[in-house]
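Some notes on the structure that comes next.
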Amino acid sequence: MAMSFLFPKVPLQTPKRDPDGAWNFFDGALKTYFIQSHGESFTSRQIFKHSNPHTGNGRSSTATPPYHWHLYQTEIFDVKSGTLCYDIDGKLGKLQAGETATIPPYRYHTFWNDPDAKADLDVHITVSGGPNKGFDETFIHNFYGYLSSAVMQGQSPNVFQMLAFLDHADVVLVDFPMWTGRLANVVLGRWIGRGLGGYEVEYKELSEHNE
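This note's numbering puts the first residue of the sequence shown at 24, with every later residue one more than the last.
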């Protein structure tokens, strides 16, 4: 009983896939597309709908990535349309269509759709570098697939599961001081979440092979 209380399992909802290759999360409020993967580089196209509370409510939107930093990867935002708001090391700014921002490892950052623009945000996100290919299309599908499944069923995402995802992708939350965040990933996400709780970082329900 205690273990099930600590490690509740969210019924996973397989994301709807469109004929153009889009994966739909939060009932289509967020769409992701695979663009390219070459060596240590991976690019995802992501569209955040402006008219949905999960993606159009500014920084507090459900789909806004948590404030985080990368152990190894460099991340590039390349805005195709709409307006991207960002927080990089506490500095707030905006990117318009045709503009880019490059975030090297250890830089705190997050981004969200600008609610004042009243337009969908279409952005290509490229992540490159590091020995671990954990931050890839599989991570995108599982991280957002799990979060979407929980939220759309009125459940809270489990912290051990979320940290397991982040640990696997070498992503660290800013909520923890620099090196304790990495420790939290390993202890809470890897050892407790995956080792004791039985959480996974890849689920068949969220796999591209699940038809």
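Using N, Cα and C, we set each Cβ at its ideal position, and we do this for glycine too.
Quick caveat, the model's predicted, so the values are computed rather than measured.
Status (buried if at least 16 other CB within 10 Å, exposed otherwise) for residue i
| i | result |
| --- | --- |
| TYR129 | exposed |
| TRP46 | buried |
| LEU107 | buried |
| THR123 | exposed |
| ASP145 | buried |
| GLU98 | buried |
| VAL224 | buried |
| GLN59 | exposed |
| SER74 | exposed |
| GLY121 | exposed |
| SER83 | exposed |
Cα-Cα separation between residue i and residue j, rounded to whole angstroms
| i | j | result |
| --- | --- | --- |
| ASP41 | GLN96 | 29 Å |
| GLY220 | GLN119 | 43 Å |
| VAL209 | TRP135 | 28 Å |
| GLY44 | ALA207 | 35 Å |
| HIS232 | GLY62 | 22 Å |
| VAL194 | ASN165 | 14 Å |
| HIS93 | VAL102 | 21 Å |
| THR66 | PRO31 | 32 Å |
| PRO34 | GLN178 | 10 Å |
| TYR109 | PHE28 | 36 Å |
| ASP198 | PHE71 | 24 Å |
| PRO180 | PRO200 | 22 Å |
| LEU115 | HIS132 | 10 Å |
| ILE126 | VAL150 | 10 Å |
| SER168 | VAL182 | A small correction: the amino acid at residue 168 is Gly; Ser does not occupy that position in the sequence shown. Rounded to the nearest angstrom, the two C-alpha atoms are 15 Å apart. |
| ARG213 | THR203 | 14 Å |
| LEU189 | LYS141 | 31 Å |
| LEU53 | LYS39 | 11 Å |
| ILE111 | SER64 | 21 Å |
| GLN176 | PRO76 | 15 Å |
| LEU170 | SER230 | 15 Å |
CB contact flag (residue i, residue j, <7 Å)
| i | j | result |
| --- | --- | --- |
| GLU228 | THR85 | no |
| ALA187 | GLY218 | no |
| HIS147 | ARG205 | no |
| HIS191 | GLY153 | no |
| ILE163 | THR55 | yes |
| GLN184 | TYR226 | no |
Per-residue DSSP class, three states only, for residue i
| i | result |
| --- | --- |
| LYS32 | coil |
| LEU94 | coil |
| GLN184 | helix |
| THR37 | coil |
| ASN75 | coil |
| ASN208 | helix |
| LYS227 | helix |
| ASN165 | helix |
| THR149 | strand |
| HIS191 | helix |
| SER171 | helix |
Rounded distance between the beta-carbons of residue j and residue i, thought under 8 Å
| i | j | result |
| --- | --- | --- |
| GLY81 | PRO138 | 5 Å |
| ASP49 | GLU160 | For the sequence presented, residue 49 should be read as Phe rather than Asp. So it is not a contact: roughly 18 Å between Cβ atoms. |
| ASP143 | GLY105 | 5 Å |
| LEU196 | PRO89 | 6 Å |
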